[in-house]
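A short write-up of the structure that comes next.
Below you can see the structure in the form of structure tokens.
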């Protein structure tokens, strides 16, 4: 009777299975203790490794996250853990579970590390950055995608020296320069072009270095063109832009002012908008100097656009900078901003190489300042419409 009740032949087999199917509880009760036992004694024979691996494969997905974190911490770097289990842990959807494997497991594939370094999350990138050894290719991906906290880890490591390629990648990332500019400069990771191109994002102590680099670039150009700089000669279109900029500043029309600034220098609208921020007075002063505006017009523009949020002493400092900065240095700085805008340093290595070999000749070339025929037509059209 008891047997008939226990093994009811009329009961569907599926019901028998479902009534006795183990729940998620054994995952907590079995896998974590098994892991602790496995790492507590070694070496293991092939059969023991096979059994543990099979157990982990079956129970890991249903193991609670807090236990997975503990398991990952125990297994990270263990010499007898199969590669596929380490990769499974490194791919875990919980970043804190994945971190120990990413940090310590020596045999993770390069493809896996590169994929996580590219796509994140940032906790995983930080773990990768602290691995005992890093391939150049992984460092390169981190330089492209990681945030400042990860780059700071790389800079602090004595066993890692950023290559010129890595430095160039970081020099193109404004958010990294703004946060870690001093650290990069301390390791000579900012070249002169990088300093000039990132001037608008540099910490204050580095801006003087960028201006010095621009002055040196200007001197080299002058030495290579003893006949003088033709771009400084009076030009009707440039004079029109100068007058229009003053008028729009007087009208407090910042949007139209940014448009004209972009026409005159060839800079993107986002950069021109950035130049009109109250904390970018030095950048705006450099841009006006590059356009050839005299001091009295520059004074009018700075007072009208920045006067409400800038102290008088700071305005005087900007005008002093306008007087001492050479026209050639201003052009060198703005030309590097343009290169940064267009991504020329990344997509056109030949052009960048020519610029360096010529000692900065490209810094003052007319096309850098939007002097194409189309740009001239646009300027004429604008002024004729206003008249």
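Residue numbers (the working numbering): 21 to 407.
Ideal Cβ positions, reconstructed from N, Cα and C, are used throughout, including at glycine.
- Under the three-state reduction of DSSP output, residue 60 falls in the helix class.
- Assignment of alpha helix (DSSP H) within the region 266-299, counting only whole runs of 4 or more residues, yields 274-285 and 289-295 in chain order.
- In the structure shown, residue 331 adopts coil according to DSSP, grouped into three states.
- In this structure, residue 344 keeps its C-beta atom at 8 angstroms or more from the C-beta atom of residue 298.
- About 6 angstroms separates the CB atoms of residue 353 and residue 219; that is less than 8 angstroms, so the two are in contact.
- For the options 90, 262, 357 and 361, the alpha carbon positioned closest to that of residue 315 is the one of 262.
- The closest CA to that of residue 350, considering only 309, 78 and 320, is found on 309.
- Annotated as distal: residue 165 and residue 187, with beta-carbon spacing of 8 angstroms or more.
- Each of 174, 157 and 156 was checked against the Cα of residue 147, and the nearest Cα belongs to 174.
- For the 8 angstroms CB-CB criterion, residue 285 and residue 311 form a contact.
- In the DSSP annotation of this structure, the continuous segment of the alpha helix (DSSP H) that includes residue 226 starts and ends at 224-244.
- By the CB criterion at 8 angstroms, residue 305 and residue 318 fall inside the cutoff.
- By the criterion of a C-beta distance shorter than 7 angstroms, residue 199 is surrounded in its chain by 168, once the five residues flanking it on both sides are discounted.
- Rounded to the nearest angstrom, the gap between the Cα atoms of residue 116 and residue 207 is 31 angstroms.
- Secondary structure of residue 101 (DSSP, three-state): coil.
- Beyond the five residues adjoining it in sequence on each side, residue 273 comes within less than 7 angstroms, by CB distance, of no other residue in the same chain.
- Residue 105 counts as buried, since at least 16 other C-beta atoms from the protein chains shown sit within 10 angstroms of its C-beta.
- Rounded to whole angstroms, the Cβ separation of residue 132 and residue 100 is 20 angstroms, and the two are not in contact under 8 angstroms.
- Counting only unbroken stretches of 4 or more residues, the alpha helix (DSSP H) elements lying wholly within the region 71-118 are 85-95 and 103-110, in sequence order.
- Residue 344 sits in a helix when the DSSP states are folded into three classes.
- Sequence-distant Cβ neighbours of residue 225 in its own chain, meaning closer than 7 angstroms and more than five residues away, are 202.
- In this structure, residue 123 sits away from residue 83, with a CB-CB distance that is not shorter than 8 angstroms.
- Residue burial annotation: residue 156 is exposed, with fewer than 16 other C-beta atoms found within 10 angstroms of its C-beta.
- By a beta-carbon distance limit of 8 angstroms, residue 221 does not contact residue 183. Their separation comes to about 22 angstroms.
- Excluding the 5 residues flanking it on each side, residue 55 has same chain C-beta neighbours closer than 7 angstroms at 91, 94 and 95, in chain order.
- A distance below 8 angstroms separates the beta carbons of residue 80 and residue 88.
- Taking residue 268 as the centre and dropping the five residues before and after it, the same chain places the C-beta of 276 and 277 closer than 6 angstroms to its C-beta, in chain order.
- Within the region 171-215, there are no complete beta strand (DSSP E) runs of at least 3 residues.
- 322 is the residue among 346, 322 and 328 whose C-alpha sits nearest the C-alpha of residue 337.
- Counting C-beta atoms within 10 angstroms of its own C-beta, residue 238 has 16 or more neighbours from the protein chains shown and is therefore classed as buried.
- Burial state of residue 60 is exposed, judged by a 10 Å Cβ sphere holding fewer than 16 other Cβ atoms.
- With a contact defined as Cβ atoms closer than 8 angstroms, residue 280 and residue 270 miss out at about 13 angstroms.
- In this chain, residue 218 is not harboured by any alpha helix (DSSP H), its DSSP state being neither H nor E.
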